[in-house]
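A.B. asks:
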Amino acid sequence: MQPPYTITNEILALYGQITEALGICQSILLVKPEAKLRKQNRIKTIHSSLAIEGNTLNIEHVTALIENTHVVGPKKDILEVQNAIKAYDQLNDYKAKQLKDFLKAHYILMNGLVNNPGKFRKSQVGILKGKEVFHIAPGYDMVPGLMNDLFEYLKNNNDLEIMKSCVFHYEMEFIHPFEDGNGRIGRYWQTRLLMDVNPIFEFVPIEKVIRDNQEEYYKVLEISDSSGASTAFIEFMLNVINKSLRDTIAESTPTTSDYKKRVEYALSQLNDWFDRKEYLNICKGISTATASRDIKQLLQDDLIESSGSGRMMKYRKKRSG
């Protein structure tokens, strides 16, 4: 099985940007972010993925449920969050290219919410947009074969793994294998596939960026349906992945809170002559005045040397010895 799509210039550019972002993650030891950031991003992930499906609980409710605190709200919404917490806690237990594990994950996500969690649908379904049907899924009798083919594609195709995760997400939504929960399991399983590319993806809240661009998410699904190829959806998801990674990097980079951490990080990244603008690019979130103070202090502490004057002033780490 080779799902149809075209490699566009945008896809190539975005893939390059994602590779660069993963390199930055590696360089600042972000393979497993700090516990606080992991928790924050897990909360964003669960809240966003369920909000897309109409869950009414807010981020504070999701935080409380993760902390095992009592929450008042619709029972169904609470159960959706509790199930999602369990499912995301078990991400590492599943093999990304095993259909049986995919079905187990759907069971965890949807247990108590549908009649047959973890089982393929036994009826015809269509997807409504308002009052209009904008997608009629393949017949239920075709679902097992189509899903087997899709997992064979994951196992045997030589496409880049990041690309395959996007193709899987689209094709699974097109097949719509379950009575309900197709959207959340599609997003969840793409995360699981991406974790095999780099473990950082366990803590990158891709669902948050999808939710922020929810209209476009549905639009590119529709465009891909109409064109018979997943190209538009792949471009959208690569944009989402790139932005999610960049946001995670920005949140993990020392900024205004700790001068010592900030300059230590900056000097680890600046290996040649740099100016104030380049320092600001490394220490995102600080003001120009703070950057000037940092540089002045580094000069006083004899940690950097300077060359030139005025706007042409450049700085460099002092060579040891």
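Residue numbers for the sequence shown follow our numbering, so the first one is 1 and each next one is one higher. Virtual Cβ for every residue (Gly too), placed ideally from N, Cα, C. Owing to the predicted nature of the structure, the values given are computational and were not obtained by experimental measurement.
1) Based on DSSP bridge pairs, tell me the residues matched to residue 316.
2) Taking the alpha carbon of residue 172 as the point to measure from, which residue in 200, 142, 196 has its own alpha carbon closest?
3) Cβ of residue 280 within 8 Å of Cβ of residue 317?
4) Do residue 112 and residue 79 have their C-beta atoms closer together than 8 Å?
5) Checking the sheet assignment: what are the DSSP bridge partners for residue 23?
6) Could you pull the start and end residues of the alpha helix (DSSP H) that residue 239 belongs to?
7) Output yes or no for whether 8 Å exceeds the beta carbon distance between residue 238 and residue 18.
8) Measuring only the C-alpha atoms, how far is residue 309 from residue 275?
9) How about residue 198 and residue 22: do their beta carbons lie closer than 8 Å?
10) Which residue spans inside the region 32-71 form an unbroken alpha helix (DSSP H) run of at least 4?
11) Just how far apart, CA to CA, sit residue 120 and residue 156?
12) Less than 8 Å separating the beta-carbons of residue 201 and residue 42?
13) For the structure I just gave you, are there three or more beta carbon pairs, one from the region 225-232 and one from the region 162-176, closer than 8 Å?
14) Using a beta-carbon distance below 8 Å, is residue 104 in contact with chain C?
15) Looking at C-alpha atoms only, which residue of 226, 236, 225 is the closest neighbour of residue 333?
16) Can you name the start and end residues of the alpha helix (DSSP H) that residue 166 belongs to?
C.D. replies: Put simply:
1) 305
2) 142
3) no
4) yes
5) Paired residues: none, contrary to the question.
6) 231-252
7) yes
8) 11 Å
9) yes
10) 35-52, 59-66
11) 23 Å
12) no
13) yes
14) No chain C is present in this structure, which holds just one protein chain.
15) Lying before the first or after the last residue shown, residue 333 is absent from the chain, which here runs from 1 to 321.
16) 161-175
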